[in-house]
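From first to last, the protein sequence lines are chains A and B.
For this note's numbering, count along the first sequence from 1 and bump the result up by 131.
For this note's numbering, count along the second sequence from 1 and bump the result up by 398.
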Amino acid sequence: MRCLVDLLESSIAKKISVALAGILLVGFLAVHLAGNLFLLEGPQAFNGYAEHLANNPLLPAAEILLAALFLWHIAAALVTRAQNRKARPEGYQSQRAKGGRTWGSRSMTATALLLLAFLIVHLKSFRFASDRSDLYALVMKDFQNKYYVGFYVLAMGALALHLSHGIQSAFQTFGVNHPRYTPWIKRTSVVVAVLLAAGFAFLPVWALVAGGAR
Amino acid sequence: MSAGQAGSAGTMHFTLKIWRQKSAKDAGRFVSYEVSGVSPDMSFLEMLDLLNEGLIAKGDEAVAFDHDCREGICGMCSLVINGQAHGPDKNTTACQLYMRRFQSGDTITVEPFRARAFPALRDLAVDRSAFDRIMAAGGFISTNTGSAPEANSVPVPKPKADAAMDAATCIGCGACVAACPNAAAMLFVAAKVSHMALLPQGQPERERRVLAMRKAMDAEGFGNCSNEYECEAACPKGISVSNIARLNREYARAALFFADHAESGKS
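Written out as structure tokens, the structure is:
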């Protein structure tokens with residue numbers, strides 16, 4: 132516990148830990164998306180994959196690690212946000228950017244809150260659903276609800292924005308900044324953010340419009 | 399360039415919305431002033447001088463603002479002009495901003511640098527001694543004074559010398575803090591840490607320096623860097639955020655591997 136408090140006490144150590152958790156979460160998202168793509172193959176493939184995961188003896192440990200990453204990423208970011216508000220008690224009447232900020236960087240807090248709301252709804256509807264015997268049917272049922280799909284797509288838009296800043300920002304935080312590589316890292320960050328978000332958002336839209344795998 | 403050399407464009411007129419605050423305890427408010435007879439070739443500070451001469455002639459209090467060299471190298475001017483630290487130009491201090499950059503008739507808002515770590519003194523002047531305390535924590539090298547050593551006895555590779563010199567151009571004005579959405583001082587600390595970490599003379603205190611300066615920075619109540627890079631855009635010396643990446647590296651290296659790090663920042 133003491134080392135966690137120490138980590139929060141140092142602005143730089145804290146930001147490195149938030150970035151590290153964030154990058155690991157991006158890795159999780161990539162694996163999660165790959166798993167979701169089994170939906171396209173139909174109930175057998177998707178439920179088979181889900182069962183395969185559920186039977187893996189490492190799953191509980193992986194889930195605990197994942198929850199810890201999410202909690203740390205969120206908690207440390209909240210502490211940071213609170214400190215940052217305190218650092219400028221009296222704001223400017225007008226503060227105009229001079230060319231550093233991006234849409235993604237400006238909206239980090241807003242997209243984070245939307246993603247947190249999404250995460251809670253998402254866990255409740257799938258991970259902690261009362262009957263998980265036929266996950267494919269469970270997912271497809273929610274994906275037939277146009278409001279649910281709308282919220283899902285909106286949240287994935289937030290994910291794209293969040294990661295467009297987050298991924299490249301993590302590299303800077305790890306100290307990776309080089310005239311040869313940084314422009315590439317920035318571009319790749321946006322591409323990965325959009326690909327991940329579009330991949331996730333595609334499935335519910337496909338389920339709603341095409342009615343799922345036939 | 400002195401005030402009063404009116405260009406062929408004639409003189410200009412401005413409405414100024416200036417932050418007035420009697421003391422740190424006063425709440426402060428914006429007051430509007432009209433200023434006429436402004437030469438397009440006046441600097442922003444000379445325009446404020448003109449305003450103050452008028453105020454003093456009327457028996458009013460002059461607007462307090464920090465200034466010193468007026469040639470862009472001392473880091474004393476500290477104005478947020480129309481919401482931007484040092485005004486709209488890149489790589490420019492407020493003293494090097496000329497009124498021809500504006501349109502006659504414009505309303506210009508002038509505010510102080512705002513951060514908890516830069517407490518208000520009076521009007522547009524704020525106390526930036528937090529930077530001095532960060533420097534005192536580690537922004538120095540320990541070396542014997544005396545006759546200058548033979549220049550070629552300590553070789554410095556050209557790219558490193560260039561990078562160190564780029565970092566060393568930081569004039570410590572605090573525009574990075576003023577422009578940062580989080581009032582973070584990372585670009586300033588990064589410039590100072592980089593400048594010395596890159597040169598052989600900075601090596602003996604390299605780890606101790608970065609640990610102590612980070613600690614002093616956080617103790618002053620600056621915000622946290624969130625990589626928005628407004629600091630780089632506002633920096634009158636164009637200090638690159640690549641220095642912040644170096645600061646992060648230097649800090650991680652020292653925090654993880656410096657044997658004596660529990661002692662740092664205490665002396």
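For glycine and all other residues, C-beta sits at the position ideal for the given N, C-alpha and C.
All values reported here derive from a predicted model rather than from experimental measurement.
Could you tell me which residues DSSP puts in a beta bridge with residue i?
i                  : result
Phe-516 of chain B : B:Ala-513
Arg-418 of chain B : B:Arg-427
Gln-482 of chain B : B:Ile-479
Gln-554 of chain B : The question names Gln, yet the displayed sequence has Val at residue 554 of chain B. None, per the DSSP bridge assignment.
Val-433 of chain B : B:Phe-412
Of the choices the options, whose alpha-carbon is the least far from that of residue i?
i                  : options                                       : result
Ser-592 of chain B : B:Cys-475, B:Ala-581 and B:Asp-560            : B:Asp-560
Leu-645 of chain B : B:Glu-630, B:Ala-589 and B:Pro-438            : B:Ala-589
Arg-258 of chain A : A:Pro-188, A:Ala-198 and A:Gly-173            : A:Ala-198
Glu-648 of chain B : B:Phe-511, B:Ala-425 and B:Val-587            : B:Val-587
Ser-640 of chain B : B:Ala-610, B:Met-584 and B:Phe-655            : B:Met-584
Asn-634 of chain B : B:Ala-483, B:Val-554, B:Ala-614 and B:Gln-501 : The amino acid at residue 634 of chain B is misidentified as Asn; the sequence shows Pro. Pro-634 of chain B has its Cα closest to that of B:Ala-483, out of B:Ala-483, B:Val-554, B:Ala-614 and B:Gln-501.
Phe-428 of chain B : B:Arg-499, B:Phe-442, B:Asn-480 and B:Arg-468 : B:Asn-480
Ile-416 of chain B : B:Gly-636, B:Val-478, B:Gln-599 and B:Arg-606 : B:Val-478
Arg-237 of chain A : B:Cys-578, B:Leu-446 and B:Ala-528            : B:Cys-578
Ser-264 of chain A : A:Pro-174, A:Ala-152 and A:Leu-334            : A:Pro-174
Ala-515 of chain B : B:Asp-525, B:Asp-521, B:Arg-499 and B:His-411 : B:Asp-525
Met-533 of chain B : B:Asn-580, B:Pro-557 and B:Met-594            : B:Met-594
Asn-178 of chain A : A:Ala-268, A:Trp-315, A:Val-325 and A:Ala-341 : A:Ala-268
Ala-241 of chain A : A:Gln-224, A:Ala-193 and A:Leu-285            : A:Leu-285
Leu-667 of chain B : B:Asn-580, B:Lys-456, B:Gly-435 and B:Gly-544 : Residue 667 of chain B lies beyond the range of chain B shown here (399 to 665); nothing can be said about it.
Gly-230 of chain A : B:Arg-651, B:Ala-650 and B:Glu-630            : B:Glu-630
Glu-509 of chain B : B:Leu-519, B:Glu-628 and B:Ser-502            : B:Leu-519
Gly-281 of chain A : A:Ala-332, A:Arg-232 and A:His-204            : A:Ala-332
My output table needs one value for residue i: the three-state DSSP class, helix, strand or coil.
i                  : result
His-411 of chain B : strand
Gly-621 of chain B : strand
Ile-147 of chain A : helix
Ala-523 of chain B : strand
Ser-441 of chain B : strand
Lys-664 of chain B : Reliability of the predicted coordinates at Lys-664 of chain B is poor, the pLDDT of 46 falling under 50, and the value obtained from them is presented with this limitation in mind. Coil.
Gly-600 of chain B : helix
Thr-350 of chain A : No information on residue 350 of chain A is available, as it lies outside the stretch 132 to 345 that chain A covers here.
Gly-166 of chain A : helix
Gly-402 of chain B : Note that Gly-402 of chain B has pLDDT 41, beneath the 50 cutoff, so the model's placement of it is unreliable and the number below is only indicative. In the structure shown, Gly-402 of chain B sits in coil (DSSP, three-state: anything other than H, G, I, E or B).
Thr-242 of chain A : helix
Ile-506 of chain B : strand
His-659 of chain B : Only weak support is given to the placement of His-659 of chain B: the predicted model assigns it a pLDDT of 45, under 50, and the question is left unresolved by the model.
Val-252 of chain A : helix
Ser-261 of chain A : coil
Tyr-312 of chain A : coil
Ala-582 of chain B : strand
Tyr-496 of chain B : strand
Suppose contacts are defined by Cβ-Cβ distances below 8 Å. Is residue i in contact with residue j by that definition?
i                  : j                  : result
Thr-413 of chain B : Ser-437 of chain B : no
Cys-571 of chain B : Ser-476 of chain B : yes
Gly-536 of chain B : Met-615 of chain B : no
Val-162 of chain A : Leu-294 of chain A : no
Pro-602 of chain B : Val-554 of chain B : no
Gln-303 of chain A : Ala-643 of chain B : yes
Met-287 of chain A : Ala-338 of chain A : no
Arg-468 of chain B : Cys-493 of chain B : yes
Leu-266 of chain A : Ala-181 of chain A : yes
Ala-523 of chain B : Phe-463 of chain B : yes
Met-497 of chain B : Phe-538 of chain B : no
Ala-298 of chain A : Val-325 of chain A : One detail in the question is off: residue 298 of chain A reads as Ile in this sequence, not Ala. Not closer than 8 Å, so no.
With residue i as the anchor, note down where its beta strand (DSSP E) starts and where it stops.
i                  : result
Val-478 of chain B : 477 to 479
State the start and end residues of the unbroken alpha helix (DSSP H) segment that holds residue i.
i                  : result
Glu-648 of chain B : 640 to 655
Asn-215 of chain A : 190 to 218
Arg-237 of chain A : 234 to 237
Ile-298 of chain A : 277 to 304
Gln-175 of chain A : 174 to 185
Tyr-223 of chain A : No alpha helix (DSSP H) holds Tyr-223 of chain A; DSSP gives it neither H nor E.
Leu-266 of chain A : 266 to 274
Going along the segment 307 to 322 of chain A in order, which residues come within less than 8 Å of chain C, judged by CB to CB distance?
Included in the structure are the protein chains A and B, with no chain C among them.
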